[in-house]
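Take the numbering used here: the final residue in the sequence shown is number 321, and no numbers are missing along the way.
To keep things clear, I will list the structure first and then write my remarks on it.
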Amino acid sequence: MSTAKDIGETVIQDARRILMVRPATFGFSIENAESNVFQRRSEKSDAELQRTALAEFDRATETIRSAGVDLVVYDQEPNLHLPDAVFPNNWVSFHENTYVLYPMLSKQRRMERQMVMIPFLNSGKIINYKKHIDLTPYEISGKFLEGTGSIVFDYENRIAYACLSPRTDVEVLNDLCQQLGYRPCSFNAVDETGVPVYHTNVILSICSDLVIFCEESIRNQQTKDRLKEMWQQAGRMVMGVTLEQARHFTCNVYQVTGKDGERKLLMSGSAFDAFTKDQRGLLEEKRTLVRCDIPTIEETGGGSLRCMVARIA
9 MSTAKDIGET VIQDARRILM VRPATFGFSI ENAESNVFQR RSEKSDAELQ RTALAEFDRA
69 TETIRSAGVD LVVYDQEPNL HLPDAVFPNN WVSFHENTYV LYPMLSKQRR MERQMVMIPF
129 LNSGKIINYK KHIDLTPYEI SGKFLEGTGS IVFDYENRIA YACLSPRTDV EVLNDLCQQL
189 GYRPCSFNAV DETGVPVYHT NVILSICSDL VIFCEESIRN QQTKDRLKEM WQQAGRMVMG
249 VTLEQARHFT CNVYQVTGKD GERKLLMSGS AFDAFTKDQR GLLEEKRTLV RCDIPTIEET
309 GGGSLRCMVA RIA
């Protein structure tokens with residue numbers, strides 16, 4: 009098993025620098041909608057969807073930068089038809105001097121790897137990735153693991169949390185953890201109808217001092233208790249949210265450390281409004297809540313702010 013020294017992994021939980029991809033061909037993906045209950049088909053034309061999503065994206069990045077967050081924006085190539093390019097966290101993750109390429113269920117989304125984003129980052133101007141782990145051959149055998157959608161990393165304690173689904177395979181998870189030097193922690197989570205939750209990051213967010221967790225999604229009480237005990241032992245406050253709140257992306261939030269050294273919790277307007285007043289009060293005690301309104305991206309793309317962010321430092 010690789011050690012932290014081998015991989016060059018940081019032990020800091022909250023990212024200090026993040027990447028977002030500015031969409032050029034945003035739209036509704038029929039292929040993805042088959043396994044993503046968060047997506048909603050819009051009556052808008054493709055051109056109108058792109059204009060609206062781009063406006064939401066630009067306002068969001070302006071808000072995030074105004075909050076003092078170190079943000080790198082990569083412009084998607086317009087010659088590639090990639091309706092979900094705004095969600096880079098599903099096909100790649102970055103671990104100091106190592107990047108990981110992930111096997112994806114959607115054939116259309118696999119095309120996102122054609123973007124020259126990694127050479128752009130690896131030009132030496134931003135960061136230098138000397139190693140990479142390529143898990144994409146698993147696609148041949150129909151086994152998938154979709155980045156930090158499938159995995160929620162506890163960087164400080166080197167644990168990779170993942171709820172199993174058609175998009176999150178335990179064999180691929182174990183392989184990645186062995187190479188990165190992480191301990192896998194897989195579990196089952198379902199929605200109100202008993203359908204497996206497609207991505208872990210819609211029911212779980214792990215911050216340096218906080219865990220936001222959809223308790224209702226885990227029906228096995230022993231599993232639920234074990235997870236909560238792990239987080240509490242790590243000194244993190246556990247905030248539970250309902251499935252209804254999770255449907256508004258209250259777990260699809262992302263805490264970063266700003267340039268001023270302070271905590272910033274990035275979230276959508278939908279997530280902000282879905283937290284109760286008491287929950288927002290607790291959250292605001294130790295961090296700034298950074299609200300970005302992205303309704304078109306959420307409804308058409310089926311992902312929220314966490315899905316739009318890739319950690320690069």
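Glycine included, each C-beta is placed from N, C-alpha and C at the ideal position.
In the three-state reduction of the DSSP assignment, Arg244 falls in the coil class. DSSP, read as helix, strand or coil, puts Ser276 in strand. Contact between the region 202 to 213 and the region 258 to 269 is present: three or more C-beta pairs spanning the two stretches fall below 8 Å. Take Met28, set aside five residues on each side of it, and the residues of its chain with a beta-carbon closer than 7 Å to its own are Thr69, Leu79, Val81, Met316 and Val317, in chain order. In the structure shown, Ser101 falls within a strand segment according to DSSP collapsed to helix, strand and coil. Membership of Gln187 in any beta strand (DSSP E) is not indicated; the residue belongs instead to the alpha helix (DSSP H) covering Val178 to Leu188.
When the beta-carbon positions are compared, Lys151 and Val180 come within less than 8 Å of each other. In the displayed model, Asp301 falls within coil according to three-state DSSP, outside both helix and strand. DSSP, reduced to helix, strand and coil, places Thr284 outside both helices and strands of the structure shown, so it counts as coil. Note that the region 233 to 248 does not touch the region 271 to 278; fewer than 3 beta-carbon pairs, one per stretch, sit closer than 8 Å. It is roughly 18 Å from the alpha-carbon of Glu293 to the alpha-carbon of Phe221. In the three-state reduction of the DSSP assignment, Ser225 falls in the helix class, which pools H, G and I. As computed with DSSP, Val108 is found in a beta bridge with Ser101 and Ile141. Of the other Cβ atoms in all chains shown, fewer than 16 fall within 10 Å of the Cβ of Leu88; this residue is therefore exposed.
Going by DSSP, Phe65 is part of the alpha helix (DSSP H) stretching over Asp54 to Ser74. Within a 10 Å sphere around the beta-carbon of Lys267 sit fewer than 16 other beta-carbons, which makes this residue exposed.
In the assembly as shown, Pro111 is a buried residue. Its beta-carbon has 16 or more other beta-carbons within 10 Å. Residue pairing of Leu27 in beta bridges, as defined by DSSP: Val80 and Ala318. The Cβ atoms of Ser216 and Gln21 sit closer than 8 Å to each other. For the pair Pro91 and Gly35, the CB atoms are nearer than the 8 Å cut-off.
Val124 carries a coil assignment under DSSP once its states are collapsed to helix, strand and coil. The beta carbon of Arg67 sits closer than 6 Å to none of the beta carbons in its chain outside the five residues before and after it.
For Tyr163, the three-state secondary structure derived from DSSP is coil. In the displayed model, Arg295 falls within coil according to three-state DSSP, outside both helix and strand.
The residue among Leu113, Ile302, Cys171 and Lys52 with its C-alpha nearest the C-alpha of Lys232 is Cys171. The C-alpha of Arg295 lies about 16 Å from the C-alpha of Thr71. The alpha carbon of Tyr169 has as its nearest neighbour, out of Pro127, Ala75 and Arg234, the alpha carbon of Arg234. Counting only residues of its own chain and dropping the five nearest sequence neighbours on each side, Ile135 has a CB closer than 7 Å to the CB of Leu129, Ile320 and Ala321. Rounded to the nearest whole angstrom, the C-alpha separation of Asn196 and Ile305 is 27 Å.
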